[in-house]
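Residue numbers (my numbering): 9 to 280. Positions of the beta carbon are idealized from the N, C-alpha and C atoms, including for glycine. On a predicted model such as this, the values are computed, not experimentally measured, just so you know.
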Amino acid sequence: MAFLLHKDENGAARYGTFSIFPGGAVVHAVSTRFGGVSKAPYDEMNLALHVGDDSADVEQNRRRFLGWLGLDFERLTTPEQVHGDNILCVGERESGRGRLSYADAVPATDALMTDVPGVPLMLCFADCTPILLFDPVHRAAAIAHGGWKGTVRSIAAKTVRAMHEAFGMQAEDCFAAIGPAIGPCCYEIGIEVAEEFHKAFPKYNSDIISEENGKIWLDLWKANRLQLENAGLLPENIDVAGVCTSCHVRTYFSYRAEGPTTGRIAAVMAIK
Ligand SMILES: [Zn+2]
9 MAFLLHKDEN GAARYGTFSI FPGGAVVHAV STRFGGVSKA PYDEMNLALH VGDDSADVEQ
69 NRRRFLGWLG LDFERLTTPE QVHGDNILCV GERESGRGRL SYADAVPATD ALMTDVPGVP
129 LMLCFADCTP ILLFDPVHRA AAIAHGGWKG TVRSIAAKTV RAMHEAFGMQ AEDCFAAIGP
189 AIGPCCYEIG IEVAEEFHKA FPKYNSDIIS EENGKIWLDL WKANRLQLEN AGLLPENIDV
249 AGVCTSCHVR TYFSYRAEGP TTGRIAAVMA IK
């Protein structure tokens, strides 16, 4: 299992993919900062419309990113992410929402799923955890947004459940990937957040929270992996990129490393 960065003909990184997803049935990628047209501090491949970047630049970036993957920009579907636990099943009716305007995005939703071929789902991130799910039996895909709030609210596990209800997915058939996100090396949290995780993960507190020199550190990658395993996914079907966006701020955007005025990478999935 691996997260592999793909490069252009000049050797510049463009986007990453996970080897765990069976080829042929699903297209997926996680973008980097590279290959776009946005100017600082959104340089270069900012894919979010709500962060103050020029919307024409964002549209061009989105078209370019989807073009690399052979996906249809007109059907690109993306939500307004609010660190909640709403999940939407995207059908033909919602297809295309949010591609050109944030006001038109699927409102207040932190996970999208679909079994409609050719509809690219996209969520944006700067340190929060991208969780990508794929059911090869029912040919359905989902992306969830797992920041600390979404993780405490069990967005990953709830998305697995929602895929079961919508498509009949069995958890043991599901493949999952946890994308680049802030790592336990850089994610210092306060006592209030630690207490939320203690309540949400009572059995695993010492696995995901560590303390050193009076500081508390959170492992969001592991918290989401544990949540997926508890939801019934097989450990061998979960791939973790293990890439810290704060450590690798030259390749990815990082809220912690750069502050609120920065761009967003995106995770995209589409059923073929
Ligand atoms: Zn780090």
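Just the C-alpha distance for residue i and residue j, rounded to the nearest angstrom, thanks.
| i | j | result |
| --- | --- | --- |
| A184 | W225 | 24 Å |
| G32 | K280 | 7 Å |
| I246 | A174 | 21 Å |
| L236 | G158 | 13 Å |
| A275 | F73 | 10 Å |
| C149 | G176 | Note that residue 149 is Ala in the sequence shown, not Cys. When rounded, the distance between both Cα atoms is 12 Å. |
| F81 | L129 | 10 Å |
| G43 | P268 | 22 Å |
| A179 | T86 | 25 Å |
| K223 | H256 | 22 Å |
| F205 | R105 | 33 Å |
| G75 | A48 | 23 Å |
Name the two residues that bound the continuous alpha helix (DSSP H) containing residue i.
| i | result |
| --- | --- |
| Y195 | Counting along the chain, Y195 falls outside any alpha helix (DSSP H), and DSSP gives it neither H nor E. |
| R163 | Strictly speaking, residue 163 in this sequence is Ile, with Arg absent from that position. Looking at the DSSP string, the run of the alpha helix (DSSP H) that includes I163 is 163–175. |
| T259 | That residue, T259, is in no alpha helix (DSSP H); it is neither H nor E in DSSP. |
| S63 | 63–77 |
| L228 | 228–238 |
| K157 | 156–160 |
With residue i as the anchor, note down where its beta strand (DSSP E) starts and where it stops.
| i | result |
| --- | --- |
| I216 | It is not in any beta strand (DSSP E) - I216 instead sits in the alpha helix (DSSP H) that spans 213–216. |
| D8 | Residue 8 lies beyond the residue range present for the chain, which begins at 9 and ends at 280; the question has no answer from this structure. |
| K280 | Here K280 belongs to no beta strand (DSSP E), and DSSP marks it neither H nor E. |
| R22 | 21–26 |
State yes or no: is the beta carbon of residue i nearer than 8 Å to at least one beta carbon in chain C?
| i | result |
| --- | --- |
| D227 | Reference to chain C is not applicable here, since this structure consists of a single protein chain. |
Nearest CA to the CA of residue i: which residue from the options?
| i | options | result |
| --- | --- | --- |
| P84 | G155, S103, W76 | Residue identity differs from the one stated: residue 84 is Leu in this sequence, not Pro. The option with the nearest alpha carbon to L84 is S103. |
| G187 | K230, F42, Q89 | K230 |
| M9 | V276, A278, R147, V248 | V248 |
| S109 | F42, D65, W156 | D65 |
| A239 | A170, G191, E204 | A170 |
| T25 | S63, L77, D51 | L77 |
| T259 | Y50, R71, P30 | Y50 |
Tell whether a beta-carbon distance below 8 Å holds between residue i and residue j.
| i | j | result |
| --- | --- | --- |
| L55 | I216 | no |
| L79 | A208 | no |
| L140 | C182 | no |
| L228 | G154 | yes |
| I190 | T253 | yes |
| G99 | V124 | yes |
| R101 | R70 | no |
| D135 | Y23 | no |
Segment contact, 8 Å Cβ cut-off, at least three pairs: the region 18–29 with the region 91–99: The region 18–29 vs the region 91–99: no contact.
Touching or not, the region 163–181 and the region 105–125, by the rule of three or more beta carbon pairs under 8 Å? Look at the beta carbons and you see the region 163–181 touching the region 105–125: at least three pairs across the two are nearer than 8 Å.
Say whether the region 139–149 touches the region 197–217, bearing in mind that this needs 3 or more beta-carbon pairs closer than 8 Å, one atom from each stretch. As far as the Cβ criterion goes, the region 139–149 does not touch the region 197–217, which means the pair count is below three.
Measuring CB atoms only, is the region 195–210 touching the region 35–42, in the sense that at least three cross pairs come out at less than 8 Å? Contact fails between the region 195–210 and the region 35–42, because fewer than three Cβ pairs, one in each stretch, are under 8 Å apart.
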